[in-house]
Amino acid sequence: MANKTVIIVSLIFTIKLYGQIEVIPQGESAFIQAMKMERSGNTENAEKIYKKILENQPSHQPSYFQLKNIYSINGDLESGIMLIEAWLISNPNDNQSELALGEFYYRNQEQSKAIEIWNKFSEAKLNNKTMFRLLFHTYVKFGQTNSMELLSLKGRTKFEEPFFLAIDLANYYQSRQTFDRALRELMILVRHQKQYMQYATDRILIMSDDNSTHSLIDSTLNANLDLNPTLRKVLAGFYYKTGKFSKAFDQYQLISDANKNKQNEWIRFAENLRKEKQYDLSIKAYHSMLENFNNSDPRTIGKILLGLGKSYEDQIIQQQSGLNFVKWFPENSFFNNQLIQSPNIDNAPLANSLEHYQSILALLPNSNSTATVHYRLAQIQSRIMRDYEGAKFSYETALKANPSAELKNKIYYNLGNLFIYSGNYDKAINYFKPELNEQVSNRTIGYINSLLYKFEFDTAMSFLDSTILTIDPKNKYFNDLFEIHDMIVNYYIDGTKNDKFAFKLFFESESLINEYKIQNAIQLLEKIRLDFSDALISPLATLRLAFISIDLKEYDRSIQYALAMENTFLKDKGLALAAEVEENFMGSNENALKYYYRLLSECSTSLLSEPIRIHVRKISQPTES
166 MANKTVIIVS
176 LIFTIKLYGQ
186 IEVIPQGESA
196 FIQAMKMERS
206 GNTENAEKIY
216 KKILENQPSH
226 QPSYFQLKNI
236 YSINGDLESG
246 IMLIEAWLIS
256 NPNDNQSELA
266 LGEFYYRNQE
276 QSKAIEIWNK
286 FSEAKLNNKT
296 MFRLLFHTYV
306 KFGQTNSMEL
316 LSLKGRTKFE
326 EPFFLAIDLA
336 NYYQSRQTFD
346 RALRELMILV
356 RHQKQYMQYA
366 TDRILIMSDD
376 NSTHSLIDST
386 LNANLDLNPT
396 LRKVLAGFYY
406 KTGKFSKAFD
416 QYQLISDANK
426 NKQNEWIRFA
436 ENLRKEKQYD
446 LSIKAYHSML
456 ENFNNSDPRT
466 IGKILLGLGK
476 SYEDQIIQQQ
486 SGLNFVKWFP
496 ENSFFNNQLI
506 QSPNIDNAPL
516 ANSLEHYQSI
526 LALLPNSNST
536 ATVHYRLAQI
546 QSRIMRDYEG
556 AKFSYETALK
566 ANPSAELKNK
576 IYYNLGNLFI
586 YSGNYDKAIN
596 YFKPELNEQV
606 SNRTIGYINS
616 LLYKFEFDTA
626 MSFLDSTILT
636 IDPKNKYFND
646 LFEIHDMIVN
656 YYIDGTKNDK
666 FAFKLFFESE
676 SLINEYKIQN
686 AIQLLEKIRL
696 DFSDALISPL
706 ATLRLAFISI
716 DLKEYDRSIQ
726 YALAMENTFL
736 KDKGLALAAE
746 VEENFMGSNE
756 NALKYYYRLL
766 SECSTSLLSE
776 PIRIHVRKIS
786 QPTES
């Protein structure tokens, strides 16, 4: 019994002893277990297993790779060198390992040995593009710029490809902000590989995020235009991105001169200019398209006309939207359809182009979209070209093209406005004169305006009195009618003979503005201001002059007019307007604040006081800091 106990105890002791001895697994399961150890952070034991596997299977490449990576990560460069050298003895054609050996030497502060290995590789192994790329990216890792340059030249000669490794070099130099060399390689690339033009464009535009590159990019692209004219598009994109819109336009103009089949690019460019609020250039681009492109596709012509009309419209809105506190009868239908400043274009060639395209547009199928194109064309002809006969034809064509009810209403209204724009007020009155029991609409506005421009103030007043008695307060024109009614009462009905004459001059000036006789209108308003300064409407005439000056971009003069209202009931509006012109158009918050503070101090009961007080807090903080 005692002997059995001794045997059992000895057996248990032996089992425990051997259980504590580390057993290194063998075969494929050993590699898998080592990978698991490595992932869990137990690289020390994983290393032992990989070594053991390689002792038994010297050609086990996965273990070699994992062991090499462990040495690289841990910085055990000496062990890595010995491992790779041993591996290369049995695997002399492992090119990647040969290059890796150089990397280990380089990191181990034995640069000369590394370069010797890479030079040997360069002399013996560069028999295809893959070998070139392997060596190139090895050089990239260690910033061997001269070696990269020499290698690319060698490859370009060998493969007769002057663009070989150009992308790689360009990316390398750009990542290190060596922009001149990056640009050099991109120029080489697109000269020989046109399909990479968009790639090069994108890289150059990214490069231009650094403002210090602008002159370099500009000079490089211009210097290469003779060799590669397609770079003009890249140059245009660069100018556009950096806000040099006029230069971008000039480049697109040169592109279109060389290639007349670029309508879609031009349309996109013009649309982008509009989005950037470069309205003059956008209009000029659309204008150029209509003049120069021989396009018979009515849909393309329609796009151009729609874009042109939208640019005109946005330009007018933008000019008015710069003012927040004082506007000329804001949202009042009697005063909201006036164009003061005409685009700086020659209308004669555009008129000929539009006349030519009218016949092409007739080929479009009838639809609301087609009607909209003709409607836009009519607006351009009437408000920009002042070609009222052409506009009438386009409006009538739009009516035949199956417009929506809303568009049809606009067309009928604008047909009547053609009489107003041409100064034919008798015909305008007859056109807009309402039928018995006709509902108040935009035609009502047209009728009253026609009476006012014909100086039939008493008839207009009588019609307004009867209309106001029956109009639904929810009608969209309710406030407009009351506002014009009060204007006639305050400045005409309750006035003296001089007041009434000045009122007549005022509406004569408004009619001249509608006819685009701006200078004549200004003369009449000045006459009111100087010869009838005591007239009830004189302050309003001065305010009108201030707004016209803003539209004409005569900002100093607009401030003079605004301040000239100081001793009138419009003093608060004058001070606010002067401040807004200083702030929004002349860029002087300091001067603007002077006028804002005056308004708050001298016009404390003004309805403008509170919103301006809030605004002053916002813009004065940077100044005070």
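Per this note's numbering, the very first residue in the sequence shown carries number 166; after that it's consecutive.
Note that the Cβ used here is the ideal one computed from N, Cα and C, for glycine as well.
(1) Assign Lys440 to one of two classes, buried (16 or more other C-beta atoms within 10 Å of its C-beta) or exposed (fewer than that).
(2) If distances are taken between C-alpha atoms only, which option among Thr310, Ile332, Asp333, Lys294 comes closest to Ser320?
(3) Does the beta-carbon of Val654 have 16 or more other beta-carbons within 10 angstroms, so that it is buried, or is it exposed?
(4) Could you check where the alpha helix (DSSP H) with Ala744 kicks off and where it finishes?
(5) Please tell me whether Ile693 and Ile702 are closer than 8 Å, where the distance is taken between their beta carbons.
(6) Along the chain, where does the alpha helix (DSSP H) containing Thr366 start, and where does it finish?
(7) Output the distance between the C-alpha atoms of Tyr560 and Tyr477, rounded to the nearest integer angstrom.
(8) Cα separation between Ala563 and Met550?
(9) Do Ile724 and Phe490 come within 8 Å of each other at the CB atom, strictly closer than that value?
(10) With C-beta atoms as the reference, is Asp664 less than 8 Å away from Tyr657?
(11) Residues in its own chain within less than 6 Å of Gly791 by CB, not counting five upstream and five downstream?
(12) Mark Ala570 as exposed unless 16 or more other C-beta atoms lie within 10 angstroms of its C-beta, in which case mark it buried.
(13) Would you say the segment 629–647 touches the segment 596–605, given that touching needs at least three Cβ pairs under 8 Å?
(14) Thinking C-beta only, is Lys575 closer than 8 Å to Tyr612?
(15) Quick check: the segment 634–645 against the segment 526–535, are at least 3 beta-carbon pairs closer than 8 Å?
(16) Classify Met313: buried if its beta carbon has 16 or more other beta carbons within 10 angstroms, exposed otherwise.
(17) Using C-beta distances below 6 Å, list every residue in its chain close to Phe269, excluding the 5 sequence neighbours before and after it, in chain order.
(18) Do the CB positions of Asn531 and Ala566 come within less than 8 Å of each other?
(19) Between the alpha carbons of Ser373 and Ser606, how many angstroms are there, rounded?
(20) Measure the C-alpha to C-alpha separation of Ala744 and Tyr760 and round it to an integer number of angstroms.
(21) Leu370 and Asn387 look like a contact to me (Cβ under 8 Å); what is the Cβ gap, rounded to whole Å?
(22) When burial is assigned at 16 or more other CB atoms within 10 Å of the CB, is Gln480 buried or exposed?
(23) So, at 7 Å on beta carbons, what are the nonlocal neighbours of Leu438 in its own chain, with the 5 sequence-adjacent residues on each side left out?
(24) Considering only residues of the segment 241–327, which uninterrupted alpha helix (DSSP H) runs meet the minimum length of 4 residues and lie entirely inside it, listed in chain order?
(25) Could you tell me if Ala625 is buried or exposed, where buried requires 16 or more neighbouring beta carbons within 10 angstroms of its beta carbon?
(26) Can you round the beta-carbon distance between Thr661 and Pro704 to whole angstroms, since I take them to be within the 8 Å contact cut?
(27) Quick check on His225: does DSSP put it in helix, strand or coil?
(28) I'd like the list of long-range same chain contacts for Met352, defined as Cβ closer than 6 Å, with 5 residues on each side in sequence excluded.
(29) Would you kindly report the start and end of the unbroken alpha helix (DSSP H) that includes Ser723?
(30) Please classify Arg551: does DSSP put it in a helix, a strand, or coil?
(31) Between the C-alpha atoms of Glu675 and Phe666, what's the straight-line distance to the nearest angstrom?
(32) For Gly467, does the three-state DSSP call read helix, strand or coil?
(33) Can you name the start and end residues of the alpha helix (DSSP H) that Arg356 belongs to?
(34) Under DSSP, the alpha helix (DSSP H) around Tyr578 begins and ends at which residues?
(35) Taking a contact to mean a Cβ-Cβ separation below 8 Å, would you say Leu264 touches Thr303 in this structure?
Once the coordinates are examined:
(1) Translated into positions along the sequence shown, residue 440 becomes position 275. Under a 10 Å Cβ-count criterion, Lys440 is classified as exposed, with fewer than 16 other Cβ atoms of the shown protein chains found around its own Cβ.
(2) The count along the sequence shown starts at 1 and reaches residue 320 at position 155. Before going further, note that residue 320 is Gly rather than Ser in the sequence given. Considering only alpha carbons, the answer is Lys294.
(3) Position 489 of the sequence shown, counted from the first residue, corresponds to residue 654. Val654 should be labelled exposed.
(4) Looking up residue 744 in the sequence shown gives position 579. Element bounds for Ala744: 736–745.
(5) What you label residue 693 is simply residue 528 of the sequence shown in a count that begins at 1. What you label residue 702 is simply residue 537 of the sequence shown in a count that begins at 1. The Cβ-Cβ distance between Ile693 and Ile702 falls below 8 Å.
(6) On the sequence shown, residue 366 is found 201 positions in, with the first residue counted as 1. Taken as a continuous stretch (DSSP letters only), the alpha helix (DSSP H) holding Thr366 covers 362–372.
(7) Translated into positions along the sequence shown, residue 560 becomes position 395. Translated into positions along the sequence shown, residue 477 becomes position 312. Between Tyr560 and Tyr477, the C-alpha separation is close to 18 Å.
(8) To locate residue 563, count along the sequence shown from 1; it is residue 398. To locate residue 550, count along the sequence shown from 1; it is residue 385. C-alpha separation (whole angstroms): 18 Å.
(9) Residue mapping note: residue 490 aligns to position 325 of the sequence shown, counting from 1. Residue mapping note: residue 724 aligns to position 559 of the sequence shown, counting from 1. With respect to the 8 Å criterion, Phe490 and Ile724 are not classified as neighbours on the basis of their beta carbons.
(10) As a working mapping, residue 664 is identified with position 499 in the sequence shown. As a working mapping, residue 657 is identified with position 492 in the sequence shown. Closer than 8 Å, so yes.
(11) Outside the shown range of the chain (166 to 790) lies residue 791, about which nothing can therefore be said.
(12) Numbered from 1 along the sequence shown, position 405 holds the residue referred to as residue 570. In the assembly as shown, Ala570 is an exposed residue. Its beta-carbon has fewer than 16 other beta-carbons within 10 Å.
(13) Contact holds between the segment 629–647 and the segment 596–605, because three or more Cβ pairs, one in each stretch, are under 8 Å apart.
(14) Counting from 1 along the sequence shown, the entry for residue 612 is found at position 447. Counting from 1 along the sequence shown, the entry for residue 575 is found at position 410. No, the Cβ-Cβ distance between Tyr612 and Lys575 is not below 8 Å.
(15) Remark: fewer than three beta-carbon pairs, one from each stretch, lie closer than 8 Å, so the segment 526–535 and the segment 634–645 are not flagged as touching.
(16) Residue 313 sits at position 148 when you count from the first residue of the sequence shown. The residue is buried, with at least 16 neighbouring Cβ atoms inside 10 Å.
(17) Numbered from 1 along the sequence shown, position 104 holds the residue referred to as residue 269. The residues are Leu242, Gly245, Ile246.
(18) The residue labelled residue 531 in the question sits at position 366 within the sequence shown. The residue labelled residue 566 in the question sits at position 401 within the sequence shown. Taking 8 Å as the Cβ cut-off, Asn531 and Ala566 qualify as a contacting pair.
(19) Position 208 of the sequence shown, counted from the first residue, corresponds to residue 373. Position 441 of the sequence shown, counted from the first residue, corresponds to residue 606. Straight through space, the alpha carbons of Ser606 and Ser373 are spaced by roughly 54 Å.
(20) Along the sequence shown, read from residue 1 onward, the residue named residue 744 stands at position 579. Along the sequence shown, read from residue 1 onward, the residue named residue 760 stands at position 595. Straight through space, the alpha carbons of Tyr760 and Ala744 are spaced by roughly 5 Å.
(21) The residue given as residue 370 occupies position 205 in the sequence shown. The residue given as residue 387 occupies position 222 in the sequence shown. That belief does not hold up - the Cβ atoms of Leu370 and Asn387 are roughly 16 Å apart, past 8 Å.
(22) Indexing the sequence shown from 1 puts residue 480 at position 315. Buried, since its Cβ has 16 or more Cβ neighbours within 10 Å.
(23) The residue given as residue 438 occupies position 273 in the sequence shown. In chain order, Phe410, Leu446, Ser447, Ala450 place their CB closer than 7 Å to the CB of Leu438, counting only its own chain and leaving out the 5 sequence neighbours on each side.
(24) Whole alpha helix (DSSP H) segments, 4+ residues: 242–255, 260–272, 276–289, 294–306, 310–324.
(25) Counting from 1 along the sequence shown, the entry for residue 625 is found at position 460. Classification for Ala625: buried.
(26) By 1-based counting over the sequence shown, the position of residue 661 is 496. By 1-based counting over the sequence shown, the position of residue 704 is 539. That belief does not hold up - the Cβ atoms of Thr661 and Pro704 are roughly 16 Å apart, past 8 Å.
(27) Start at 1 with the first residue of the sequence shown, and residue 225 comes out as number 60. Secondary structure of His225 (DSSP, three-state): coil.
(28) Residue numbering aside, residue 352 sits at position 187 when the sequence shown is read from its first letter. Hits under 6 Å: Asn389.
(29) Translated into the one-based positions of the sequence shown, residue 723 becomes position 558. First-last of the alpha helix (DSSP H) with Ser723: 720–728.
(30) Sequence index remark: in the sequence shown, residue 551 carries index 386 (1-based). Per DSSP, reduced to three states, the secondary structure at Arg551 is coil, with no helix or strand assignment.
(31) What you label residue 675 is simply residue 510 of the sequence shown in a count that begins at 1. What you label residue 666 is simply residue 501 of the sequence shown in a count that begins at 1. In this structure, the straight-line span from the alpha carbon of Glu675 to that of Phe666 is close to 14 Å.
(32) Residue numbering aside, residue 467 sits at position 302 when the sequence shown is read from its first letter. Here Gly467 sits in helix by DSSP.
(33) Here residue 356 is taken as the residue at index 191 of the sequence shown, counted from 1. Element bounds for Arg356: 344–357.
(34) The count along the sequence shown starts at 1 and reaches residue 578 at position 413. That run of the alpha helix (DSSP H) goes 570–586.
(35) Residue mapping note: residue 264 aligns to position 99 of the sequence shown, counting from 1. Residue mapping note: residue 303 aligns to position 138 of the sequence shown, counting from 1. It is a contact, given that the beta carbons lie within the stated cut-off.
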